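**Q** Below is one structure. I have some questions about it.
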Amino acid sequence: MDKVKEIVAEINKGNPKPIYFLMGEEPYYIDRISQYIAENVLTEDEKGFNQMVLYGKETSVDEVVANAKRFPMMAQYQVVIVKEAQHLSRTIENLVAYAENPQPTTILVLCYKYKKLDKRKKLYKTITKSGELFESKKLYENQVADWVRRTLASKKYKISPKSCVMLVEFLGTDLSKISNELDKLTLIVPSTTEITPELIEEHIGISKDFNNFELKKAIGERNVKKASRIIDYFAQNPKDNPFVVTVTLLNTFFTQLLQYHGLNDHSPGNVAKVLGVNPYFVNEYVVAAKNYPMKRVSGVISSLRTLDLKSKGVGANNMAQADLLKELLTEII
Numbered sequence: 307m308d309k310v311k312e313i314v315a316e317i318n319k320g321n322p323k324p325i326y327f328l329m330g331e332e333p334y335y336i337d338r339i340s341q342y343i344a345e346n347v348l349t350e351d352e353k354g355f356n357q358m359v360l361y362g363k364e365t366s367v368d369e370v371v372a373n374a375k376r377f378p379m380m381a382q383y384q385v386v387i388v389k390e391a392q393h394l395s396r397t398i399e400n401l402v403a404y405a406e407n408p409q410p411t412t413i414l415v416l417c418y419k420y421k422k423l424d425k426r427k428k429l430y431k432t433i434t435k436s437g438e439l440f441e442s443k444k445l446y447e448n449q450v451a452d453w454v455r456r457t458l459a460s461k462k463y464k465i466s467p468k469s470c471v472m473l474v475e476f477l478g479t480d481l482s483k484i485s486n487e488l489d490k491l492t493l494i495v496p497s498t499t500e501i502t503p504e505l506i507e508e509h510i511g512i513s514k515d516f517n518n519f520e521l522k523k524a525i526g527e528r529n530v531k532k533a534s535r536i537i538d539y540f541a542q543n544p545k546d547n548p549f550v551v552t553v554t555l556l557n558t559f560f561t562q563l564l565q566y567h568g569l570n571d572h573s574p575g576n577v578a579k580v581l582g583v584n585p586y587f588v589n590e591y592v593v594a595a596k597n598y599p600m601k602r603v604s605g606v607i608s609s610l611r612t613l614d615l616k617s618k619g620v621g622a623n624n625m626a627q628a629d630l631l632k633e634l635l636t637e638i639i
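Using the numbering used here, read the sequence shown as starting at 307 and increasing by one per residue.
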C-alpha cells in the first residue's frame with residue numbers, strides 16, 4: 307500500500323516513469339494503479355489522440371513497442387496501457403530492447419496479472435533501472451482484516467474487529483470484491499461512523515448471528531444449543547454457507563488452538579502475535595483451550611480432515627451438506 311502511494315505521489319509531481327510493469331497474484335493494486343494513470347495523466351481533450359488500451363490476447367510485443375514509439379499529439383505524453391499482459395508471457399522478453407531505451411514521451415503500462423517476471427532474466431533487471439516494476443502480492447487471510455481497517459480509516463471510518471472478520475469470512479481474500487462492498491457501505495453510511503455487524507447485515511446481507519465466526523465461537527465455548535442453531539441455518543442455506551468454507555475455518559481455528567496449547571507465554575500480546583490474530587479475539591482461545599485439551603484438539607483436526615474428504619466424495623457417496631454439518635458438530639462436541 308505504501309508503494310502504491312509512492313507511485314501515485316510521483317505521478318502527481320509530474321515525474322511519471324516511461325514504463326510501469328505491474329505484476330503479481332493480487333490484481334486489485336494492478337487495476338488501481340493502471341486506472342489512476344488512465345484517469346489522471348492526460349486531460350480529457352488529450353486522451354482522444356494520446357491514450358490507447360491494448361489487450362494481451364489480441365496484440366503482440368512488437369505491436370506494443372510500435373505503439374509505444376509513437377509521439378504524442380498536442381500533449382506532453384501519450385499513455386499506452388496493455389491489459390491482460392500475462393498472455394504475452396512467452397514473448398515478453400522481446401520487450402528488452404525497448405526497455406533499454408524507452409520513448410521518454412510515452413508512459414507504457416503493462417498489467418501482468420497472476421504472474422511474475424523471472425528476476426534472473428534481462429527484462430526484469432532492465433525495467434528495474436529504466437521504469438517502475440511493481441509486484442502486487444496476495445495478502446494472507448490474517449492480513450486482509452487489517453487491510454479492511456486501514457482502507458476504511460483512510461476514508462475516516464472505523465470498523466469493529468468482529469465486523470472485519472465477518473467481511474473476510476463472507477467475501478474471502480479478493481480485495482476487489484471487498485473494496486466494492488466497502489464502497490457501497492461508505493456511500494450509505496456517514497463518515498466517522500463505526501461499521502458494525504448490524505450495518506453489515508443490513509447493507510451487505512451477511513447475517514450477524516448465523517455465520518462461521520459465530521459458529522467457531524459457539525464451538526469454542528461448547529455452546530451446543532447455539533452451534534446447533536447455526537448448523538441448522540447453514541443446512542437450510544447451503545449456497546450462502548458452503549461446507550468447504552466452514553470446515554476450512556474450523557481447521558484453522560483448531561490448528562491455532564494446538565499452537566496455543568504449545569505456548570509457554572500465554573500473555574494476550576504474545577498469543578495474538580504467534581497466532582496472527584487480533585488481540586480482541588485472544589480470549590476465545592483462552593476459553594476454547596479450557597474446553598479442548600491438546601489431545602482432544604488433535605482428534606478434532608483429524609476429524610475435520612476426514613469430513614473435508616467426505617465433502618469431496620472420498621469415503622462417502624454424495625453426503626448432503628446437512629448430514630455433513632451434523633456429523634461435524636457431533637465429531638467436535
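Where a beta carbon is used, it is the ideal one built from N, C-alpha and C, also for glycine. Please read all numbers here as calculations on a predicted model, not as lab measurements.
Using C-beta distances below 8 Å, list every residue in its chain close to Thr365, excluding the 5 sequence neighbours before and after it, in chain order.
**A** Cβ within range, chain order: Val388 and Leu394.
**Q** When you compare only the Cα positions, how much space is there between Glu352 and Phe519?
**A** Near 51 Å, if we compare the C-alpha coordinates of Phe519 and Glu352.
**Q** What residue from Ile607, Gln562, Arg455 and Lys483 has the CA that sits closest to Asn589's CA?
**A** Selected option, being the one with the closest Cα: Gln562.
**Q** Are Lys632 and Ile537 close, meaning C-beta to C-beta below 8 Å?
**A** A contact, by the Cβ cut-off of 8 Å.
**Q** Among Leu439, Thr434, Leu481 and Asn448, which one has its Cα closest to the Cα of Thr457?
**A** Answer by Cα proximity: Leu481.
**Q** Beta-carbon separation of Ser604 and Leu564 under 8 Å?
**A** In this structure, Leu564 lies closer than 8 Å to Ser604 by Cβ.
**Q** When the Cα atoms are used, what is the spatial distance from Asn321 to Ser436?
**A** Asn321 and Ser436: Cα-Cα distance of roughly 13 Å.
**Q** Does the Cβ of Ala594 lie closer than 7 Å to at least one heavy atom of the ligand SAH?
**A** The ligand SAH is not part of this structure, which contains no ligands at all.
**Q** Answer with buried or exposed for Thr349, where buried requires no fewer than 16 other C-beta atoms within 10 angstroms of its C-beta.
**A** Flag for Thr349 reads exposed.
**Q** Tell me which same chain residues have a C-beta within less than 8 Å of the C-beta of Asp424, skipping the five on either side of it?
**A** The answer, listed in chain order, is Tyr430.
**Q** For a test of the three-state rule: what should DSSP assign to Glu633, helix, strand or coil?
**A** Reduced to three states, the DSSP call for Glu633 is helix.
**Q** Can you give me the start and stop residues for the alpha helix (DSSP H) that Val603 sits inside?
**A** Its alpha helix (DSSP H) spans residues Met600 to Ser617.
**Q** Identify which residue in Trp453, Ala405, Val371 and Ala391 has its Cα closest to the Cα of Asn584.
**A** Checked all of Trp453, Ala405, Val371 and Ala391; the closest Cα to Asn584 is Trp453.
**Q** Unbroken alpha helix (DSSP H) runs of length 4 or more, entirely within the stretch 322-359: which are they?
**A** Correct list: 333-346 and 350-356.
**Q** Would you tell me roughly how many angstroms separate the C-alpha atoms of Ser609 and Thr558, rounded to the nearest one?
**A** Their Cα atoms are separated by approximately 13 Å.
**Q** Who are the Cβ neighbours of Cys470 in its own chain at under 7 Å, not counting the five residues just before and after it?
**A** For Cys470, where only same-chain residues beyond five positions count, the Cβ hits under 7 Å are Ala451, Val454 and Arg455.
**Q** Give every residue of the same chain whose Cβ lies closer than 7 Å to the Cβ of Ile465, excluding the five residues on either side of it in the sequence, and list them in chain order.
**A** Excluding positions up to five away in sequence, the list reads Val454, Arg455, Leu458, Glu500 and Ile501.
**Q** Examine the Cβ distances between the stretch 547-555 and the stretch 590-598 and report whether three or more of them are shorter than 8 Å.
**A** These segments do not touch.
**Q** Using the Cα positions of Lys319 and Ile313, report the straight-line distance between them to the nearest angstrom.
**A** One C-alpha to the other measures close to 10 Å.
**Q** Hey, could you find the ends of the alpha helix (DSSP H) Thr561 is sitting in?
**A** Element bounds for Thr561: Phe549 to His567.
**Q** Candidates Ile336, Glu390 and Asp629: which alpha carbon is nearest Lys443's?
**A** Per the Cα distances, Ile336.
**Q** Name the residue from Phe377, Gln392 and Lys514 whose alpha carbon lies nearest to the alpha carbon of Pro408.
**A** Closest by alpha carbon: Phe377.
**Q** Please state whether DSSP places Glu441 in a helix, a strand or coil.
**A** Here Glu441 sits in strand by DSSP.
**Q** Does Pro496 pass the burial test, meaning 16 or more other C-beta atoms within 10 Å, or should it be called exposed?
**A** Its Cβ having fewer than 16 others within 10 Å, Pro496 is exposed.
**Q** Taking Gln392 as the reference, which of Ala381, Asn400, Ala405 and Met329 has the closest Cα?
**A** Per the Cα distances, Met329.
**Q** Rounded to whole angstroms, what's the CA-CA distance from Pro599 to Pro324? Just pull it up for me.
**A** Taking the straight line joining both Cα atoms gives about 60 Å.
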